[in-house]
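In our numbering, the protein residues as written are 15 to 353.
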Ligand code: NAD
Ligand code: UFG
């Protein structure tokens with residue numbers, strides 16, 4: 015299948031490209047490299063030993079998008095491109111609505127103009143907000159607590175309406191829980207340009223010596239050890255979910271939101287202990303007050319992914335930590351330093 019991948023140079027996109035190329039899809043990446051490096055694509059090409067077409071462009075640039083659609087004639091789009099920091103979205107809400115919402119509108123217009131009627135969209139568990147019940151299924155009310163989360167919810171609604179206008183259209187809204195880990199090669203991985211907001215990249219930077227200690231945001235939650243629990247999903251499993259979603263979209267018109275997680279949750283201190291075992295390095299930490307907006311526990315009901323996509327997570331905490339360490343230790347400065 016000819017697949018256009020927006021934001022393909024990013025963390026989740028680069029891992030998904032590898033799976034797509036290994037499954038013999040023809041792929042074109044459309045990315046403006048605002049939060050990624052061309053080096054990631056070079057490494058994907060060398061790992062897969064397959065050609066990878068690339069266009070440097072912004073999803074808000076309709077001229078460039080239309081040129082790209084006319085030349086490549088994609089049969090499907092996987093749409094990763096977007097801004098993703100919860101904290102930054104509070105400070106810069108308009109940038110988030112512009113890139114995530116207005117950018118998606120341009121993309122859907124280009125798809126409509128060029129007869130492309132299949133999309134897999136990167137949504138997030140953040141659309142659920144504070145869960146009323148766990149594990150959280152796809153029918154849980156949507157009550158996102160940040161501009162970022164609201165931008166994802168709005169895009170979901172827009173895509174749902176777009177898909178409803180024509181009976182041959184198919185859309186899969188993948189709601190990722192907490193993606194972590196890296197390709198087992200250690201050649202590609204998550205490369206935050208700033209101080210990491212998320213737990214796993216922060217822990218990895220402490221292990222490699224870039225940061226002195228981890229701040230554990232609260233040890234007084236109603237969880238077994240008092241620290242926050244999340245449903246971490248290995249990025250390779252997540253990449254496989256995109257391939258399964260593409261196959262599903264090819265045979266199933268309509269629009270479905272689908273959780274992508276493992277169905278189990280892991281605490282901050284469990285993650286720290288697992289990373290110490292995987293890396294053989296100590297992870298000094300200090301318990302500090304809770305982070306505003308954090309919830310005690312989040313966990314996916316993954317029955318729908320299994321039922322519709324025939325997909326389920328295969329990789330556990332140990333592989334998540336081991337692969338992150340392989341990437342971080344070989345690339346302490348990420349893509350800014352050649353391996
Ligand atoms: P990332 O920042 O690594 O990748 C996003 C890519 O989009 C980058 O390559 C960036 O350069 C590109 N991009 C951004 N704005 C663009 C624009 N205007 N035009 C073209 N390209 C643009 O992020 P990621 O972690 O790989 O996340 C991918 C998607 O998954 C995002 O939409 C994100 O919101 C969503 N998501 C991520 C997580 C997570 O924890 N990583 C969780 C849930 C959902
Ligand atoms: N945490 C720490 N110290 C840190 C960072 C995080 O203790 O330095 C804790 C948090 O308090 C939380 C857990 O580690 O209990 C996980 O935090 P993350 O920031 O890694 O992940 P979140 O669940 O807060 O949010 C992430 C993304 C969201 C996304 C959500 C679900 O940031 O964009 O996962 O996919 F929506």
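Just so it is clear, CB atoms sit at the ideal spot from N, CA and C, and this is done for glycine as well.
- When DSSP states are grouped into helix, strand and coil, residue 210 belongs to the coil group.
- Secondary structure at residue 281: strand, using DSSP grouped into helix, strand and coil.
- Membership of residue 52 in the alpha helix (DSSP H) is indicated by the continuous run 52–62.
- In this structure, 313 is the residue among 271, 292, 256, 313 with its C-alpha nearest to the C-alpha of residue 146.
- For residue 30, the uninterrupted alpha helix (DSSP H) segment begins and ends at 25–36.
- Taking 7 angstroms as the cut-off, one finds at least one heavy atom of the ligand UFG near enough to the beta carbon of residue 230.
- Under the three-state reduction of DSSP output, residue 48 falls in the coil class, being neither helix nor strand.
- Assignment of beta-bridge partners to residue 184 by DSSP yields 132, 268.
- Between residue 296 and residue 204, the alpha-carbon positions lie close to 21 angstroms from each other.
- When distances are taken from the beta-carbon of residue 327 to the heavy atoms of the ligand UFG, even the shortest one reaches 7 angstroms or more.
- For residue 320, the three-state secondary structure derived from DSSP is helix.
- At a cut-off of 7 angstroms, the beta-carbon of residue 101 does not count as near the ligand NAD: no heavy atom of the ligand is closer than that.
- Residue range 107–110 is occupied by the alpha helix (DSSP H) that includes residue 110.
- When the five nearest sequence neighbours on each side are left out, the beta carbons in the same chain lying within less than 7 angstroms of the beta carbon of residue 199 are those of 61, in order along the chain.
- Between the ligand UFG and residue 188, a heavy atom-to-CB distance of less than 7 angstroms is absent.
- Residue 241 sits close to residue 230, with the two beta carbons spaced by under 8 angstroms.
- For residue 77, there is no enclosing beta strand (DSSP E); the enclosing alpha helix (DSSP H) covers residues 76–86.
- Beta-carbon to beta-carbon, residue 251 and residue 328 are separated by about 6 angstroms, close enough to satisfy the 8 angstroms threshold.
- 8 angstroms or more divides the Cβ of residue 66 from the Cβ of residue 108.
- With a cutoff of 8 angstroms on beta-carbon distance, residue 26 and residue 86 are scored as not near each other.
- DSSP places residue 70 in the uninterrupted beta strand (DSSP E) bounded by 67–70.
- When secondary structure is reduced to three states using DSSP, residue 291 falls in the helix class.
- For residue 199, the three-state secondary structure derived from DSSP is coil.
- In the DSSP assignment, residue 344 falls within the unbroken alpha helix (DSSP H) covering 331–344.
- A heavy atom of the ligand UFG is found nearer than 7 angstroms to the CB of residue 140.
- In the DSSP assignment, residue 150 is bridged to 314.
- Residue state for residue 309 is assigned as coil, using DSSP reduced to three classes.
- Taking the C-beta atoms as reference points, residue 43 is found no nearer than 8 angstroms to residue 59.
- Residue nearest to residue 225 within the set 81, 75, 342 is 342 (criterion: CA-CA distance).
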